[in-house]
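Protein chains: 2
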Amino acid sequence: MEKADAVAALAALAQDNRLDVFRLLVQAGPEGLPAGKVAEVLELAPNTLTFHFDRLRQAGLVTVRRDGRSMIYAARFETMNALLGFLTENCCQGDTAACAPAACKPAVAKRTKSTKEPVR
Amino acid sequence: MEKADAVAALAALAQDNRLDVFRLLVQAGPEGLPAGKVAEVLELAPNTLTFHFDRLRQAGLVTVRRDGRSMIYAARFETMNALLGFLTENCCQGDTAACAPAACKPAVAKRTKSTKEPVR
DNA sequence: GTTTCATTTCAATACCCATTGAATCAATGC
DNA sequence: GCATTGATTCAATGGGTATTGAAATGAAAC
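If you read the sequences in order, they're chains A and B. Note that my numbering numbers the first sequence so that position 83 is 85, with each residue one more than the last. Note that my numbering numbers the second sequence so that position 4 is 6, with each residue one more than the last.
Structure follows, in structure tokens:
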């Protein structure tokens, strides 16, 4: 992961509501959640939520797919792990064995039965 | 680590120059580096750098101590690890064994011979 | 085909951030 | 003491961010 990508991901997570959104999506796993459900759980206005989803998506932390009239958002574990890797990159001055690289993954890694391919 | 602390740490790291500063301090290890050295290496104006150090310090990611007329800044690995722990907290839906918690530590954990106790 | 539901777009607002230059403070050397 | 060096403070500037309300889109149901 490039430094610019790391800054983007960090900035995306460095906001109360967005951190809540992302953590909720991580808990939800690869299936993701419809925007409305997230809005309901976190008590956020739908337009505000769209704004935050956009930032998470631009940072590569989230994917969207349409299901009927719902937009379903899901966490991108791949990006999150790349970020964790980047953050631990400079530890232990090269003695990588002494440093535990972090891993973030869903409990059940089953494939989503998406109506369309997730976008970004 | 509380959510508010995590947001503060993420915000502190979510900026190009500050991320550079922090990574440089991580590489430098517990001994830390004088502000002037950091300014020189990263080519930052001293007042700008003070601004960024303040934000890192408020986020608990950095400590300062005075040595003569130099101010010596050092990374706080403890906070960084708490942040990494927080970020991986919601992975694997409780199956913590499947998730590798991250660790960030200096290669040599020798004690600093500080003139004064480091401040926050 | 119009109504309904889920979500997005747009414009406006208030607030926070990063950088700069000038001035100040603290410690050292002469 | 006085000048020098290292770092901080202060005020000002431009740019970005989060939230809100009103309006618009897109897909489904009747």
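Every residue gets a Cβ at the ideal spot worked out from N, C-alpha and C, and that includes glycine. Predicted model, so just to flag it, every value in this text is computed and none were measured.
Among the options, which residue has its Cα nearest to the Cα of residue i?
i, options, result
"residue 21 (chain B)", "B:91, B:64, B:90 and B:70", "B:64"
"residue 108 (chain A)", "A:42, A:5 and A:32", "A:32"
"residue 79 (chain A)", "B:94, B:49 and B:71", "B:94"
"residue 72 (chain B)", "B:48, B:54 and B:53", "B:48"
"residue 50 (chain A)", "A:81, A:18 and A:76", "A:18"
Measuring CB to CB, does residue i end up less than 8 Å from residue j?
i, j, result
"residue 11 (chain B)", "residue 85 (chain B)", "yes"
"residue 90 (chain A)", "residue 61 (chain B)", "no"
"residue 37 (chain B)", "residue 102 (chain A)", "no"
"residue 27 (chain A)", "residue 34 (chain A)", "yes"
"residue 40 (chain A)", "residue 23 (chain A)", "yes"
"residue 83 (chain B)", "residue 25 (chain A)", "no"
"residue 30 (chain A)", "residue 57 (chain A)", "no"
Is any beta-carbon of chain A found at less than 8 Å from that of residue i?
i, result
"residue 25 (chain B)", "yes"
"residue 69 (chain B)", "no"
"residue 138 (chain B)", "An answer regarding residue 138 (chain B) cannot be provided, because it is not within the stretch 3 to 122 covered by chain B."
"residue 56 (chain B)", "no"
Residues bridged to residue i by DSSP?
i, result
"residue 76 (chain B)", "B:65"
In three-state terms, what does DSSP make of residue i?
i, result
"residue 36 (chain A)", "strand"
"residue 108 (chain B)", "coil"
"residue 82 (chain B)", "helix"
"residue 70 (chain A)", "coil"
"residue 114 (chain B)", "In this prediction, residue 114 (chain B) scores a pLDDT of 44, lower than 50, which makes its location untrustworthy; no coordinate-derived value is stated."
"residue 27 (chain A)", "helix"
I'd like to know if residue i contacts chain B, where contact means its C-beta is closer than 8 Å to some C-beta of that chain.
i, result
"residue 61 (chain A)", "no"
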